[in-house]
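Take a look at the structure below.
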Amino acid sequence: MTNTPVTLEGFRGEFPRQPLNARRVAGALEAPGCQRRTALDAAGVNLDKLGSLISGEPRDRQSPFALTRGNQFEQQVVANGMAEIVALARRHLDLAIPEVRQHDLSAAAVREAYPGVTGARMNELRARLTRQRTEEMLTDPAQAYNLIRHAMTRLDFGGETVYLEQDVLAFAIDGRIHVVEIKSYPRIDGRADPTKASATVRQTAVYVLSLQQLVVEIGAPPEVVKTTTMIVLPENLSFRPTAVTIDIDMYVRRLARQLASVPRAADILDAIPAGTQLPAHPDNGADNDEVGAAATAAREALAVLPPRFTDGCVSCPLFHSCRDEAERHGSIARLGTAVAGACGDVTSIAAALDLADGRRAPASPSEAAVAAALARGAAAARIATGGLA
Amino acid sequence: MNALRTHQALQAAAERRAVTTTTRRHVHLSSSPLVVVGYHLAGDPGAPLALVWGTARDETPHCMVVPEPRNRALRFEALDEFAIDLLAYLSRFEVRDDGGTCVDAPQLVVPNAGTAEWLGGIVGRFTRNLRTDGDAPPPASVPLAGKHLSFFGDLLPGSSLMIAATDALTLHWQTGQLPSEDLNLAALLGWIDPPDGLDGPAAARLGEQAPPAGPDSDPNWDADVLADLIRSWHVAGDDPAAQAAVRGELEGEIREQLVPAWMDCWRALDQLVALPAGDHVAGRWLSDRKVWTAHSARMAEGRAFFRNIPTPVQAAGRLRFLESRTQNLQREMAWDDPLVMAALVASGEALAGRVVAVDADRQTFNANGRRQRRPMITLEPTLDFARPAGTNLYLSRHPSVKLEVLPNDASGLIRVEVLKGANQTKTLGLLPTAGDEIVLSPYGRPEFYQRSTVQEIPWTHLQLVEDSEES
Amino acid sequence: MHAEPVTPAEAAAATREQIWGTLTAGARSTLVDSPPGAGKSTLVREIGRRAHRRAQVPIVVQTNDQADDMIRGYVADQRRGAAPVRLGRLHAGDYLPPADIRTQQGLTFSKSLTDLHDCDVIVAPAAKWATVDFDHSWPFAIVDEAYQMRSDALLPIGAMMSSLLLVGDPGQLAPFTTADDTRFRGRPLSPLETAAATILTTQPETVRLALPVSWRLPSQAADLISDAFYEVPFTAGTQPHQRRLSRGIASLHRGRAADAVNTAARRGWAYVELDDVPMPPTDPDAVQAIVDVVEELISADIALEDEYGTRPLLPSDIAVGVTHRDQRDHVRTALQVARARTGMPVDEVVVDTANVLQGREFQIVVVWHPLSGRRDASQFHLDAGRLCVLLSRHRQACIVVSRGGIRDQLAGHSPTEPVWLGESAPTLDGWHAHLAVLDHLTDHAV
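Protein chains in written order, with my numbering: chain A, 1 to 389; chain B, 390 to 860; chain C, 861 to 1306.
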């Protein structure tokens, strides 16, 4: 580790990259205040690979059955010229849609029209085409395409431009753009899993915000992109689509404010000591020593980035290693947000128990308050169990 | 988080072992529970893949597998096996006492709330109304079992008819890990009952390595094992020998995945049975028996109906019932268990102390100027008590005795007066005597208000629904 | 709404006439959103007075205190010359009429409707209305605090009353349940929704109006509260110069409590920020800071000046608003100790949680910030309704006490709360409202 990172690219080094998409942007904002996660997100590090490497356990793949079912559902609802989607949009978004003129901006479709374009240039091309199509949608609604699939928009994340492949459909009717999201978790007797719905809504907000920024670039007001979005889900256990609309304005505004406070790359770099760099990922055939060495190097590189361990960390690919670290340090954060909150600025388990038992004198008002509260809890238990507890 | 629970969590982490948060057991345990674990196909809760069940820990559990979970006929064929066993198990609880109540009730034990939710809310919900007279009908046992599962899936707090092991364990123990990690039964048991030579965190790690307890299977196993087996099933075509071979292999794999969780359910029961039952557990089990009796009567008469979407009137009634059962459970646990009550003492809601004096003859004047008997108890609090004058408390030993905190007089002693329950000649005996160690809690006997019932849905709650695709 | 600019009083009167017009035109359901102190109770009483000429008018409130306050309001109206109304107060068996209204002329207390058949207006909490025989029926009734009322409590009302005026403050704390609510979420017409939301769902033709003027909040507060918490904007009913606090006694010592009181007197707001240290919920320094402010307020011999005249500030004009009951207990205890030490009647100020202060009004409110000293903001502590209640109880000034670090806490909060598709989506984001309020408070830091 001789070369000093001058950029986040330098910090990532040879470690595999995984560009940010809407899901990851939403995910990155789930761990605000965690310098470790923020730096890795900003550097576009492949978190699943990193997590597997340092914990020595493979990250769970997605089950092939879940994938198949999701794809089947999506294919079915977009089949027949979007007949099902159009019917749902007429009904739930109250849209008069005379006919569908759809346009596919997926990499595969664009590559056919523009052979030879690859990599970053492909992203730029798709983003440019998205902008053109959107402009046409707004200026010539009667003639232009009125439904775009797999659009590509840009979003500023900590000063870096992130390309977002839009999983959503964008409908343009009467100069207004409506976003439709298709998901494959079921809605049973009218109810959908609230945790999954929360993730959907936050992801959709990423798309809506980036589309709003696009229309502003074009010169239209952001309200042209409606925040009332339609989410299409399988009804009960069937493949029959059902739709529910939700106004996600609150989530879009929240996202805009959160993005504005994502640290700039330069600030993140300041916090990374010179010379810190992730190792290259060992090859498939690498022996245990090689993998072990890479894992150690990765852990050392991460060690300089302070994590913030909370209840929400279970969904992070680095969970296992951060958990071990919290446990090694005897940190109260290991016990979850509620316990940590009750312990004020005391962060060590041993210190908290010493304060509670009077083995340690409080050194601050916060410690004194924690000591009093914990001692009271312990005394109540002692009295209740006749001195046994 | 209250200070007692916080201290217990810190202790668990420091001792590297779960700490008991109760001195009593607050669930009823049946002498012959039916322990059930299962998987559905990933992303498709309506497609059961396997169930493993049994009523005796030392017997090999039954196992049903669906070699192609997306095939309706195969699904019914497999569910029939389980349904027949379930119906046979439930039929053991039909014997009534003289009052017409079943003398015992069944108890389903599952590893976690997710499995309970899946069995009742999905398997039960989508089989209970299947018609057995149409094309390719399911076996008659399947909708019957579906109705029973729907019943078990819709129980109230304090019921022990269905026990989710992780919920029951976290009611009685505090671990030193994140609350969401307690949802893993094997890891949770690692904290509570680590095998020899391991401490809690190490045992929990080991538990995490075990196959999941369901109802979601391990995605890696799906990709590496299950996908191949389902492919083999399709390759086997109509050849019975080849089919049997695939089934056999799948059952072997499933047993490897699910039997550890099934065994863990029994380990969880072992942990719980070691605690002495709280005094109110029997009363709650009696109401479980009554609920079971009513359900079983409805089943017998063909009147067991379940609504997929409750009406506003039903939902309101249900919510009120749920609220009162939730409160009752909290109250009864605190009355039964000094350590549960201690959490309230720690948070300052309850007052523990030694009785210094009792003035049973004290009289005051009420708002209408009439004399009334208001005995007064003076206590020396064991821990500071800061609730203001006017706060209502109840004797934890006799919750019918309602008290009010009087203004304090800087002596450090707390004075409370009796508002009701121990101010008449025949109830004065409920007063404590000087020297007693007592607890005054915020929990009185539940009060019942007579309410009229709304029969039909009024205009305020009638929604005009246009023909929807949901209908 | 589209008329030329008018005075606040004219605007408010026009809205009241509009509401009456809607009712007389036969609307089955009318919903009036009322910001804090916008004359909601006055409106309810006035409509009750006007409507009883056609038929007896039931008034549905949410608590016994609210019912008694409604009765007191009618009594006061009559004392000021309003047309007399025969009042009925329907109550539960164990209720004791308060001494101040027990013997009031023209007022009947009873636990049974049969005793109240000749009353013009009958006031009772929703829980009491749920116990009467549903064979009764009324053509029209008024529901007060429709945003505090749960949908299930509206069922019996709907069974007996054929048309409704619902009035409430949409910025308050929503009703809740102590039970696990997951079974009831994610469906329209959940029993946990507010009565107001239920009516909007089932009666799409509901006429929805908003009272435009807050007579309580001073002009320095109305704009902030309106922007941060309300969909329909409102204004203050008074001009800045009409409300004033003046100190009779200059502060003996320079300190933050004195600065806070002086700043609040000058600007209507003051923000006392303590060191940025995570603390347990019962932060002794925060308690002390609150006690200091209360002592300063009482020792300063403050004169209150408003549109009704000038008078001295009394301890009962002051409230301390907190989030948790144990915070309330610690503050009350500390104030009792302070009284014993100084002899000042500091323990006569009202100390309570947002839930209890909801619907009440004071001259000066000292707020213990819900996020003070926390490590992580939780949904409970971020609740927009809680913050709104705490910041909108005052007529003169509001002093907020908090640990520093709230901005970091908000920045570090991960808003991943569950979303129940199919429920009416929240329009107000507590996280955002907290940021807006913090931006404002920072300008008034002492």
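The beta-carbon is built from N, C-alpha and C at its ideal position, and this holds for glycine as well. None of these values were measured; they are calculated from a predicted model.
Taking a Cβ-Cβ threshold of 7 Å, the residues of chain C close to residue 852 of chain B are 1048, 1049, 1061 and 1062, in chain order.
Annotated three-state conformation of residue 830 of chain B is strand, per DSSP. Along the region 1139-1161 of chain C, going in chain order, the ones with a CB nearer than 9 Å to a CB of chain A are 1139, 1140, 1141, 1142, 1143, 1144 and 1145.
Nearest in C-alpha terms to residue 643 of chain B, of all of B:808, B:451 and B:532, is B:451. The three-state reading of DSSP puts residue 563 of chain B in strand, counting E and B together. The C-beta distance from residue 1304 of chain C to residue 1247 of chain C rounds to 16 Å, too long to fall under 8 Å, and the pair is not in contact. Within the same chain, 1134 come within 7 Å of residue 1145 of chain C by CB-CB distance, once the 5 residues on both sides are set aside. Per the coordinates, the alpha-carbon of residue 832 of chain B lies some 7 Å from the alpha-carbon of residue 788 of chain B. Residue nearest to residue 816 of chain B within the set B:442, B:492, B:764 and B:776 is B:764 (criterion: CA-CA distance). Taking 8 Å as the cut-off, the beta carbon of residue 647 of chain B is found closer than this to the beta carbon of residue 428 of chain B. For a Cβ distance threshold of 7 Å, residue set 237 of chain A lies close to residue 515 of chain B, ordered along the chain. CA-to-CA, the gap between residue 31 of chain A and residue 37 of chain A works out to about 7 Å. Between residue 992 of chain C and chain B, the shortest Cβ-Cβ separation is below 8 Å. For residue 25 of chain A, same chain residues with a beta-carbon under 7 Å away, outside a window of 5 residues either side, are 155, 157, 162 and 206 in chain order.
Scanning chain C for C-beta atoms nearer than 7 Å to the C-beta of residue 776 of chain B yields 1189, reported in chain order. Secondary structure at residue 844 of chain B: coil, using DSSP grouped into helix, strand and coil.
Under the DSSP definition of a beta bridge, residue 970 of chain C partners with C:950. It is roughly 33 Å from the alpha-carbon of residue 134 of chain A to the alpha-carbon of residue 266 of chain A. Proximity of chain A to residue 390 of chain B at the Cβ level (cut-off 8 Å) is accounted for by 338, 339, 341 and 342, in chain order.
Pairing residue 244 of chain A with residue 398 of chain B gives a Cβ-Cβ distance that is not under 8 Å. By the neighbour-count criterion, in which 16 or more other beta carbons inside 10 Å mark a residue as buried, residue 309 of chain A falls on the buried side. The Cβ atoms of residue 1085 of chain C and residue 1252 of chain C sit closer than 8 Å to each other. Closest option to residue 169 of chain A, judged by alpha-carbon separation, among A:55, A:106, A:335 and A:250: A:106.
Legend: CB atoms of the region 24-43 of chain A lying less than 8 Å from CB atoms of chain C belong to residues 29, 30, 31, 32 and 33. Boundaries of the alpha helix (DSSP H) around residue 651 of chain B: 629-662. DSSP, read as helix, strand or coil, puts residue 294 of chain A in helix.
Within chain A, the C-beta atoms nearer than 8 Å to that of residue 730 of chain B come from 384, in chain order. When the beta-carbon positions are compared, residue 1179 of chain C and residue 1154 of chain C stay at least 8 Å from each other. Annotated as proximal: residue 73 of chain A and residue 234 of chain A, with beta-carbon spacing under 8 Å. Boundaries of the alpha helix (DSSP H) harbouring residue 930 of chain C: 924-939, taken from the DSSP string.
Excluding its 5 nearest sequence neighbours in each direction, residue 400 of chain B has C-beta neighbours in its own chain below 6 Å: 408, listed in chain order. Distance from the CA of residue 394 of chain B to the CA of residue 366 of chain A, rounded to the nearest whole angstrom, comes to 19 Å. Neighbours of residue 194 of chain A in chain C, taken as residues whose beta carbon is under 9 Å from its own, are 1042, 1045, 1046, 1277, 1278, 1279, 1280 and 1281 in chain order. Between residue 229 of chain A and residue 248 of chain A the beta-carbon gap is near 6 Å, inside 8 Å, which marks them as a contact.
DSSP places residue 452 of chain B in the strand class (E or B) of the three-state scheme.
The C-beta of residue 1097 of chain C has 16 or more other C-beta atoms within 10 Å across all chains shown, which makes the residue buried.
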